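>
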Amino acid sequence: MALVDTKEADADTEFVRFWNEVLAPKFTKYRHILQGGLSRHSAAIIPDLPITKGMSVLDIGCGWGDMSLQVAEMVGPEGRVVGIDCVDAFLEEARKDAAAQGLDNVEFRRGDAEIALPENEFDYVVARFGTMFFTNPVPALRRMRLALKPGGRMTHIVWRRREDNPAWQAAKDIALEHLPAPGADADTCGPGPFSMGDRDMVEVMMRSAGYEDVTFTRIDEKIMVGSTPEECVAFALAIGPAGEVFREAGEELAEAKRPQIEADMRAFFEQHEQDEQGIWVPTSSWVISARNPG
Ligand SMILES: C[S@@+](CC[C@H](N)C(=O)[O-])C[C@H]1O[C@@H](n2cnc3c(N)ncnc32)[C@H](O)[C@@H]1O
């Protein structure tokens with residue numbers, strides 16, 4: 000497979016180092032919340048995709064790989080799945096889970112999807128909440144298309160607009176009442192979770208990347224963002240748009256403002272639906288499907 004292993008080539012970009020060194024430990028701590036929430040957006044869609052026995056499927060930004068494993072079951076022993084992610088720690092967990100489930104038709108590879116992908120190898124490409132982080136989305140979407148065989152299909156899931164995603168945006172708005180907005184040179188996970196929220200713009204991106212038959216399906220799901228208000232606040236301050244504001248403000252200022260920020264966030268989360276699992280806040284995504292004309 001013509002996939003450059005950026006680690007062996009010692010060619011990690013600043014972006015990949017940031018994901019591995021800064022974001023990965025926080026994501027790992029909150030895996031139960033993240034994977035639980037993200038998988039609610041794929042649960043209803045993935046089983047109905049035209050992914051059939053014997054197909055080869057590529058999962059971009061596979062993270063801990065639960066969706067890759069679900070797809071590996073769909074393609075069966077005669078098919079194969081390759082999950083690609085730029086974070087070593089996530090891939091190690093994905094490999095352990097594949098072994099625990101006895102799935103040997105799935106492999107997990109380390110790579111930066113914006114730099115190198117296999118070409119002309121796959122029947123289907125999937126990505127759940129991975130493509131919004133592309134720094135150059137059109138070339139990266141084109142690279143995903145070129146990973147497909149002619150006529151192959153792709154489906155990626157991305158967050159819709161900020162205002163439809165209070166689970167992420169409301170905590171950021173609260174943080175910004177107390178702290179400055181991150182500067183243009185801030186360390187970030189990429190253009191941000193809402194970079195593909197605008198349907199018209201993403202349709203243009205998809206067509207520019209060479210896809211046809213582009214369709215959008217809206218998914219609205221509440222996700223559990225913490226088992227208690229305290230965990231919701233800790234999660235918001237660690238990960239996502241609010242976490243970025245807090246991190247970029249610098250420790251001294253952020254810690255000085257922490258009590259007020261935490262109190263305001265707690266009040267926000269306490270307003271939301273609560274059950275024995277935790278606190279549920281609305282989110283909204285696009286499921287975008289398209290075809291590689293070849
Ligand atoms: C929000 S997480 C989603 C993970 C997984 N797809 C899920 O839904 O649970 C985004 C993932 O994309 C990966 N990622 C971001 N940019 C990437 C890139 N350029 N190449 C490979 N992986 C990337 C991150 O490491 C992370 O695992």
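Sequential numbering from 0 applies to the sequence shown in numbering that gives the first Met the number 0.
Cβ atoms here follow ideal geometry from the backbone N, Cα and C, with glycine treated the same way.
Source: prediction; values computed, not measured.
(1) How would you label residue 64, buried or exposed, when you count the other beta carbons within 10 angstroms and need 16 or more for buried?
(2) Taking DSSP as the reference, what is the three-state secondary structure of residue 5?
(3) Run the proximity test for residue 218: is its beta-carbon closer than 7 Å to any non-hydrogen atom belonging to ligand 1?
(4) Quick check: what's the CA-CA separation for residue 214 versus residue 166?
(5) Just verifying my parser: in three-state terms, what is the DSSP assignment at residue 14?
(6) How should residue 99 be labelled, buried or exposed, when 16 other C-beta atoms within 10 angstroms of its C-beta is the threshold for buried?
(7) Just to confirm, does residue 362 get its C-beta within under 7 Å of one of the non-hydrogen atoms of ligand 1?
(8) Anyone know if the C-beta pair for residue 137 and residue 208 falls short of 8 Å?
(9) With DSSP as the reference, identify every bridge partner of residue 56, one or two as the case may be.
(10) Under 8 Å between the Cβ atoms of residue 122 and residue 151?
(11) Tell me whether residue 37 counts as near ligand 1, meaning its Cβ is closer than 7 Å to at least one heavy atom of that ligand.
(12) By DSSP's criteria, residue 217 is part of a beta bridge. Which residues make up the other side?
(13) Residue 91: beta carbon under 7 Å from a heavy atom of ligand 1?
(14) Leaving out five residues on either side along the sequence, give the residues of the same chain with a beta carbon under 8 Å from the beta carbon of residue 279.
(15) Thinking C-beta only, is residue 146 closer than 8 Å to residue 211?
(16) Measuring CA to CA, which of 235, 219, 128 and 191 is closest to residue 174?
(17) Tell me whether residue 231, by its Cβ, gets closer than 7 Å to a heavy atom of ligand 1.
(18) Expressed to the nearest angstrom, what Euclidean distance is found between the alpha-carbon atoms of residue 11 and residue 74?
(19) State buried or exposed for residue 119, treating a residue as buried only when at least 16 other CB atoms are found within 10 Å of its CB.
(20) Can the beta-carbon of residue 264 be found closer than 8 Å to that of residue 244?
(21) On the three-state DSSP scale, how would you describe residue 131?
(22) Give me the Cα-Cα distance between residue 130 and residue 257, rounded to the nearest whole angstrom.
(23) For the candidate residues 237, 49, 162 and 24, whose alpha-carbon lies nearest to that of residue 62?
(24) Would you call the CB atoms of residue 58 and residue 80 closer than 8 Å?
(25) Thinking C-beta only, is residue 163 closer than 8 Å to residue 283?
(26) Would a C-beta distance cut-off of 8 Å place residue 86 and residue 19 closer than the cut-off?
(27) Are there any heavy atoms of ligand 1 lying less than 7 Å away from the beta-carbon of residue 106, as far as the coordinates show?
(28) Shortest alpha-carbon distance to residue 144 belongs to which of 177, 204, 29 and 286?
(29) Assuming residue 170 contacts residue 241 (C-beta within less than 8 Å), just tell me the rounded distance between them.
(30) Note down the Cα distance separating residue 52 from residue 172, rounded to an integer number of angstroms.
(31) My parser needs the beta strand (DSSP E) runs of 3 or more residues fully inside the region 202 to 267; what are they?
Result, derived from the coordinates:
(1) buried
(2) A caution first: residue 5 carries a pLDDT of 43, below 50, which makes its placement in the model unreliable, though a value can still be read off. If DSSP states are grouped into helix, strand and coil, residue 5 belongs with coil.
(3) no
(4) 25 Å
(5) helix
(6) exposed
(7) What is shown of the chain runs 0 to 293, which leaves residue 362 out entirely.
(8) yes
(9) 80 and 123
(10) yes
(11) yes
(12) 285
(13) no
(14) 221, 222, 223, 224, 271, 272 and 273
(15) no
(16) 235
(17) no
(18) 32 Å
(19) exposed
(20) no
(21) helix
(22) 32 Å
(23) 24
(24) yes
(25) yes
(26) yes
(27) no
(28) 204
(29) 4 Å
(30) 46 Å
(31) 211 to 223
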